[in-house]
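So the protein sequences, as listed, match chains W and B. FYI, the numbering for the first sequence is 1 to 191, going by our numbering. FYI, the numbering for the second sequence is 1 to 191, going by our numbering. All residues carry an ideal CB built from backbone N, CA and C; glycine is no exception.
There are 2 protein chains.
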Amino acid sequence: MELLKQRILRDGQVKEGGVLKVDSFLNHQMDVTLLNEIGREFRRRFDGAAITKIVTIEASGIGIAAIAAQHFGSVPVIFAKKTRSRNLDGALYTAKVHSFTKDITYDVQLSKKFLGPQDTVLILDDFLARGQALLGLIDIVRQAGAQCAGCGIVIEKQQQGGGALVRAAGVRLESLAVIASLENGTVTFAQ
Amino acid sequence: MELLKQRILRDGQVKEGGVLKVDSFLNHQMDVTLLNEIGREFRRRFDGAAITKIVTIEASGIGIAAIAAQHFGSVPVIFAKKTRSRNLDGALYTAKVHSFTKDITYDVQLSKKFLGPQDTVLILDDFLARGQALLGLIDIVRQAGAQCAGCGIVIEKQQQGGGALVRAAGVRLESLAVIASLENGTVTFAQ
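Structure below.
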């Protein structure tokens with residue numbers, strides 16, 4: 001997605017340790033006009049899939065998923081939670097997810113009443129790096145007996161291997177910008 | 001907002017301890033069509049205010065704010081964070097917030113580069129109970145020297161006193177559904 005790549009080149013910042021900061025338009029401040037173009041592109045790529053629910057994970061995925069849902073007939077969006085909250089009770093789908101950056105393992109949780117075998121799910125998130133959170137969401141969709149139409153990712157960091165894991169799990173993956181390298185402080189996109 | 005009140009009466013669940021669960025349409029699963037009507041109503045109430053930024057706090061406010069922003073000329077949305085993350089560096093506005101439900105105090109954080117004296121800010125969130133998170137966001141907007149056009153809340157639990165605190169701080173508050181009582185498992189709206 002050329003518009004997104006140009007925005008990453010213009011406003012993204014490469015920090016030490018292979019961190020790409022896109023906090024000015026994606027995951028702290030959100031450019032809602034860009035999110036709409038992102039939603040439109042997800043729709044184009046998953047056109048023909050009769051999506052009934054969009055699933056994401058708190059927090060940065062929520063805005064992307066909410067705006068994108070408007071391009072899929074305003075289907076409901078469910079955001080999985082990383083911590084138990086008062087808003088979650090009753091039966092839950094859970095999946096253990098290890099965060100390499102924080103070196104902790106947490107439970108991704110989603111209420112059973114909102115997902116079932118009748119659903120065709122599109123999973124959306126902002127970043128794909130090691131892929132652990134995304135694999136957790138895929139696991140939950142499968143636990144629900146729902147069909148997973150695929151995963152839509154705004155920025156995939158190819159060198160961290162998550163994309164390969166998702167594809168090896170037999171799940172369609174559409175990443176709008178795929179980064180091959182952040183070496184020397186320079187963003188290089190995959191061909 | 002009548003549509004919202006009817007939805008709360010139909011799908012909201014009153015739990016022990018004065019908890020109103022609206023996880024089927026607002027803060028776990030999100031009804032994007034309803035969020036659009038909510039955004040439209042916020043615009044109606046704050047019509048004439050030349051909003052330049054919408055500020056909210058992770059996680060449940062994000063979807064509401066992103067959809068609402070489309071009714072305010074797609075101004076940028078900034079979601080304040082509750083924990084330090086790799087996405088936050090550089091200078092931060094911070095405010096200490098006490099959570100009565102979790103009995104912890106945390107720092108609300110927002111990057112200084114996204115908010116300044118040139119901004120007119122609308123603060124949006126899903127719930128207003130004791131008001132501590134909202135007062136933290138108001139404090140941050142004031143630290144930035146920005147003008148606070150007011151706060152838009154989807155559901156205010158009047159009996160918990162947060163609304164009175166926000167108004168006492170001299171800030172305009174627009175709550176789309178104001179709950180006077182949840183006694184005996186029944187939702188009673190304020191007049």
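The region 134-154 of chain B and the region 50-66 of chain B touch, with three or more beta-carbon pairs separated by less than 8 Å.
Counting only runs of at least 3 residues, the region 63-133 of chain B fully encloses the following beta strand (DSSP E) elements, listed from N- to C-terminal order: 77-80, 92-99, 104-111, 120-128. The C-beta separation of residue 187 of chain W from residue 20 of chain W comes to about 7 Å, placing the pair in contact by the 8 Å criterion.
Setting aside the 5 residues that flank it on each side, residue 18 of chain W is surrounded in the same chain by 182, each with a C-beta closer than 6 Å to its C-beta; the list follows chain order. The DSSP-derived three-state label of residue 183 of chain W is helix.
Ranked by Cα distance from residue 42 of chain W, the first of W:32, W:6, W:3, W:174 is W:174. Beta bridge pairing from DSSP links residue 173 of chain B with B:151. Ranking W:80, W:16, W:103, W:5 by CA distance to the CA of residue 135 of chain W puts W:80 first.
One finds nothing in chain B with a Cβ atom closer than 9 Å to the Cβ of residue 141 of chain W; even the nearest lies about 14 Å away. For the pair residue 147 of chain W and residue 119 of chain W, the CB atoms are nearer than the 9 Å cut-off. DSSP places residue 166 of chain B within a helical segment (H, G or I) once states are collapsed to three. Residues of chain W with a Cβ closer than 8 Å to the Cβ of residue 160 of chain B do not exist; the shortest Cβ-Cβ separation is about 14 Å.
Boundaries of the alpha helix (DSSP H) around residue 4 of chain B: 2-11. Separation of residue 60 of chain W and residue 28 of chain W (C-alpha to C-alpha, rounded to the nearest whole angstrom) is 8 Å. Membership of residue 32 of chain B in any beta strand (DSSP E) is not indicated; the residue belongs instead to the alpha helix (DSSP H) covering 32-45. For residue 74 of chain W, the closest alpha carbon among the candidates B:37, B:157, B:5, B:132 is that of B:37.
Close to chain B, meaning a Cβ-Cβ distance shorter than 7 Å, are the following residues of the region 109-139 of chain W: 111, 114. Contacts with chain B at 9 Å (Cβ-Cβ) include residue 23 of chain W.
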